[in-house]
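In what follows, a structure is listed as structure tokens, so that the remarks can point back to it.
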Amino acid sequence: MLAKVNGININYEVSGNGNKPWLMFSNSLATDLRMWDPQVAALKDDYRILRYDKRGHGKSEAPKGPYSFDDLIGDMVGLLDHLEIEKTHYVGLSIGGMSGQGLLLKHADRLNAVVLTNTMALCRPEFVAAWDDRIRLAEEKGMVALVEPTMERWFTEGYRKANPPALAPVREMIAGTAAAGYAGCGRAIQKLAYLDRLKEIDHPVLLMSGAHDAGTPPPGMELMHAEIKNSEYVMLDAAHIANIEKADEYTAHLKTFLAKH
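Residue numbers (my numbering): -5 to 255.
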């Protein structure tokens, strides 16, 4: 379904148990709401689930960038308002985890328990330069040129070799992302700077990293864990898209953590 939010159309899907608490998922860059299929299948009886495509992704509108985290956070709050959701649990991966930090800092009253995975809180110079290269490639050659380099970063070699059919939809999501959406969100990531404010967070937070994640390496998430008081931290034997590569373990940690809150 489409909702007009902040002047653009945002695609979303509501599923699960209408008598249970809300649970919102926010996807990574260059994917759409389908990336959460394993978790929705496992959690649909226990939560009322909201998934959406961030601006520039999936079936959502792709306005010309650059975007900011204020834009991305505003879209989420606007969608919650549209659906009359006062409070929700939240799970975000990569840029979804970055946006989740912004929600915690700007709209904490809208959140219950929060899970931030395969993400970071500060874009250091080496990552800024890497994003310049990726954005240039997307704009000059299209998203198809980014499919294989992205897959190599997102999944371990062993998983890629063992699971070609399962990864076909991921390749499709990357190739189908609007270049403007990828570039717009990439520019937001380059200005990410929440690390110094994480100590302000006073919500239940679970952090999950991937031991082989070069995009958002574990040391950055361990630093987040040190800054967010009373947070929990788990490392999975995975690369960047841990919710797919280690779907069962990832979902088990979600279930345990959310059940406590």
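For glycine and all other residues, C-beta sits at the position ideal for the given N, C-alpha and C.
Residue i versus residue j: straight-line alpha-carbon distance, rounded
i           : j           : result
residue 195 : residue 99  : 7 Å
residue 53  : residue 255 : 32 Å
residue 145 : residue 165 : 7 Å
residue 67  : residue 94  : 8 Å
residue 110 : residue -1  : 24 Å
residue 46  : residue 72  : 12 Å
residue 107 : residue 85  : 9 Å
residue 105 : residue 225 : 15 Å
residue -5  : residue 6   : 5 Å
residue 36  : residue 180 : 31 Å
residue 27  : residue 59  : 21 Å
Residue i: first and last residue of the uninterrupted beta strand (DSSP E) it sits in
i           : result
residue 86  : 82 to 87
residue 4   : 2 to 10
residue 46  : 42 to 46
residue 227 : 226 to 230
residue -3  : -4 to -1
residue 148 : Premise fails: residue 148 lies in the alpha helix (DSSP H), 141 to 148, not in any beta strand (DSSP E).
residue 202 : 199 to 204
residue 17  : 16 to 20
Buried/exposed call for residue i, threshold 16 Cβ in 10 Å
i           : result
residue 92  : buried
residue 214 : buried
Proximal residues to residue i (C-beta, below 6 Å), its chain only, five neighbours per side dropped
i           : result
residue 169 : 137, 138, 141
residue 232 : 204, 239, 240
residue 10  : 38, 41, 42, 43
residue 83  : 17, 106, 107, 252
Three-state secondary structure assigned by DSSP to residue i
i           : result
residue 251 : helix
residue 106 : strand
residue 245 : helix
residue 187 : strand
residue 93  : helix
residue 27  : helix
Residue i - containing alpha helix (DSSP H), residue span
i           : result
residue 128 : 119 to 135
residue 63  : 63 to 76
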